[in-house]
Amino acid sequence: MGEPGAVAESGCAAVDEAAVGEVAVGEAAVDEAAVDEVISAGLAEVAGPRLYRDNAFRITGLPTDAGADAVREHRHRVLPVLRTGGTVDLGHRLPVGLDDVRAAFDRLLGDPRRRLVDELFWRWNTPDATCPCPPELHREHDAAVLAHSSALDRELAGELTDDDLDELERQWARASRLWRTVLARAGTWAHVRHRITALADPRLAESAVDLLRERVPATLVAPLIGLAATATEEHGWLADAARRWPAPAQVVDEQLERVAAPRYAAARTALATAVEPLTAGQPERGASVVYERVVPALGRLAELVPPARHPRTARLCDEAAVLLDHCAAALLARRGPSQDTPTRAWLAHAAELAWDAHLARVIADNRAALDEAVWAVDNLRARVLALAAAGGTDLAEQLLHAVAQRLPTVPGLAEIERLLADETAEDGESDETAEGDGYPPPGHAWAGSRAARLLTTRHSLVNLWPELVFAVVALVGAVSRPGPDQPVPALAPTQLHCGPVSVHPGLSTAERPATGARPGGDTGGFGDCATGTARRGDDQLFTGGLPVVTPS
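Quick look at the structure:
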């Protein structure tokens with residue numbers, strides 16, 4: 001490109017320079033609505049990773065207090081050289097062309113309301129400054145601009161090493177700290193007010209100061225949020241850095257949710273995919289989709305918009321918890337409680353995902369009920385095996401019959417009755433010599449007996465759930481039951497929907513922990529991403545699926 005800061009001819013046609021940037025004068029009154037509109041549009045235009053890269057003063061090399069005559073003079077020196085393919089030292093090494101330089105001059109000589117935006121985001125400390133600001137104010141402002149622009153320039157350069165990333169994180173922290181100081185100083189806005197007076201344009205008004213004071217923090221954090229939205233996993237700290245930026249928390253959260261829209265859509269799609277196998281009676285497949293698709297999607301979402309700070313994310317986590325809860329309930333309805341089923345792992349993960357206080361209580365009750373039911377099955381099994389091993393196979397069968405009679409509505413009892421009535425199962429076999437089904441081990445005196453067959457048949461005792469606890473307590477009195485002897489609630493899966501609904505109608509966000517803490521005190525399985533404070537509760541739930549992770 002030639003000399004540092006030089007630019008080359010881009011082949012664009014010349015324009016009538018005398019017509020550029022003439023200021024209209026003589027307006028009877030300032031249109032404050034127009035002031036707000038133009039400045040707001042200017043802030044929106046620069047709010048991005050090129051906040052400083054495309055600054056008109058940076059591109060042209062002019063000081064921010066340059067008057068219109070100085071701008072025109074500089075333009076008349078620079079543009080003709082660029083049109084002929086020459087180079088001009090503009091005081092920087094930015095890869096700019098003729099179009100970029102011409103557009104920068106047009107902005108400076110055009111609407112002063114738009115120019116004021118560029119002034120705010122470039123250096124104030126000039127040798128011939130005429131404003132009454134103390135010198136340290138300009139130095140502090142320029143230090144903030146330099147730190148912020150340096151961080152953005154490094155981000156735009158790409159190809160960063162681990163050392164670069166460490167240094168970049170420090171630069172972002174420094175930029176945030178410096179801008180926080182500058183924005184809080186009354187002198188900063190006194191300088192802007194002085195510049196409005198110095199520009200002496202009837203299109204400018206004092207209202208511009210208040211508007212800039214309100215909107216500039218959001219403009220400053222916008223580049224960081226944009227980078228966070230496209231960041232890889234090792235750049236996940238960018239979203240946290242944005243939350244620490246000197247901008248209103250609500251503004252930052254809203255911007256993060258806007259850029260997280262694709263991640264929200266991916267999580268909802270995954271959740272919807274998990275619903276299909278569950279409603280088709282395939283809870284194992286439904287849970288698998290939750291682990292394989294939904295959990296990763298929620299983890300990716302939480303990097304940008306953690307559930308503790310974003311109710312929309314928390315509600316999607318609740319949907320995933322509901323799905324796992326339903327998968328567990330469906331599998332229990334078919335197979336009953338057993339140590340070798342994944343239901344416990346599903347419910348445990350559902351508890352980690354749940355943010356809604358009421359939902360967390362329901363899942364906790366379900367886990368307790370399942371533990372009781374598994375305990376009952378294990379103790380009934382132990383009693384039957386003990387009776388059979390002692391030669392009391394008839395007593396073992398009587399016990400099973402008694403349990404079945406106490407539980408006339410439990411799924412799987414028809415199979416138990418069929419097995420109990422199947423006289424052919426034992427024909428020609430003795431309790432001592434019949435081959436068993438793997439449990440108890442071959443060689444035991446009662447291997448292959450009717451009791452052994454009952455205990456090793458898939459659809460026998462495993463189908464006796466919560467109500468089984470009562471029967472076991474009543475019929476197996478010698479076995480101690482842990483915990484207080486109280487009624488055991490049946491599993492109560494949350495109501496599953498396939499449209500936008502609340503998990504529990506009428507539940508207010510007041511029931512959710514107010515500072516990011518959860519019923520279980522953890523962070524929902526998302527580590528440091530799940531930090532912050534719940535803010536809004538106006539979003540609805542959308543059923544979908546969680547990426548499936550095979551439970552251990």
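Quick note on full-length UniProt numbering: the sequence shown kicks off at 1 and runs consecutively.
We put the CB at the ideal spot given by N, CA and C, even for glycine.
Between residue i and residue j, what straight-line distance do the alpha-carbon atoms span, to the nearest angstrom?
i    : j    : result
A241 : A144 : 16 Å
P80  : G97  : 13 Å
A186 : V209 : 11 Å
A249 : R195 : 30 Å
R139 : T181 : 12 Å
P63  : G299 : 47 Å
H76  : D100 : 15 Å
L256 : R215 : 16 Å
R450 : A314 : Unreliable placement is indicated for R450, whose pLDDT of 42 sits below 50; no coordinate value is reported for it.
A151 : L137 : 22 Å
L238 : A369 : 43 Å
T393 : S288 : 41 Å
L399 : V384 : 7 Å
C133 : R193 : 11 Å
V221 : T341 : 49 Å
H92  : P262 : 37 Å
G236 : L380 : 51 Å
G226 : G281 : 42 Å
N366 : A321 : 12 Å
P135 : T161 : 37 Å
S40  : R244 : 24 Å
E167 : A198 : 39 Å
A66  : N125 : 12 Å
A345 : V295 : 14 Å
What's the call for residue i, buried or exposed, on a 16-neighbour Cβ count within 10 Å?
i    : result
E73  : exposed
D111 : buried
D318 : buried
A530 : With a pLDDT of 39 at A530, under the threshold of 50, the predicted position of this residue should be treated as unreliable, and no value is reported.
L324 : buried
L156 : exposed
P484 : Its pLDDT being 38, under 50, P484 is placed unreliably in this model, and the value from its coordinates should be taken loosely. Burial call: exposed.
H401 : exposed
G85  : exposed
D163 : exposed
G42  : buried
A34  : exposed
P337 : buried
E119 : buried
A104 : buried
D69  : exposed
D54  : buried
Is the Cβ-Cβ distance between residue i and residue j less than 8 Å?
i           : j    : result
A56         : R107 : yes
D31         : L211 : no
G286        : A297 : no
L332        : T343 : yes
W122        : R58  : yes
P223        : L116 : no
L183        : P246 : yes
C327        : L278 : yes
A175        : A205 : no
A350        : I363 : yes
Y264        : R203 : no
L90         : G61  : yes
D253        : H310 : yes
V259        : A308 : no
L109        : V78  : no
A388        : A382 : no
L301        : A270 : no
residue 594 : P283 : In the structure displayed, the chain extends from 1 to 552; residue 594 sits before or after that span and is not available.
W189        : R213 : yes
Going by DSSP, name the residue or residues bridged to residue i.
i    : result
V257 : Contrary to the premise, residue 257 reads as Glu rather than Val in this sequence. According to DSSP, which records beta bridges pairwise, E257 is partnered with nothing at all.
E397 : DSSP, once it has assigned bridges, lists no residue as partnering E397.
(message) Going residue by residue through the region 37-75, where are the continuous alpha helix (DSSP H) segments of at least 4 residues, counting only ones entirely within it?
(response) Whole alpha helix (DSSP H) segments, 4+ residues: 56-60.
(message) Runs of 4 residues minimum, wholly inside the region 155-184: which ones carry the alpha helix (DSSP H) assignment?
(response) 162-184
(message) Please give the ranges of any beta strand (DSSP E) in the region 81-161, keeping only runs that are unbroken, at least 3 residues long and fully inside the region.
(response) none
(message) Could you tell me which whole alpha helix (DSSP H) segments of length 4 or greater appear in the region 319-361?
(response) 343-353
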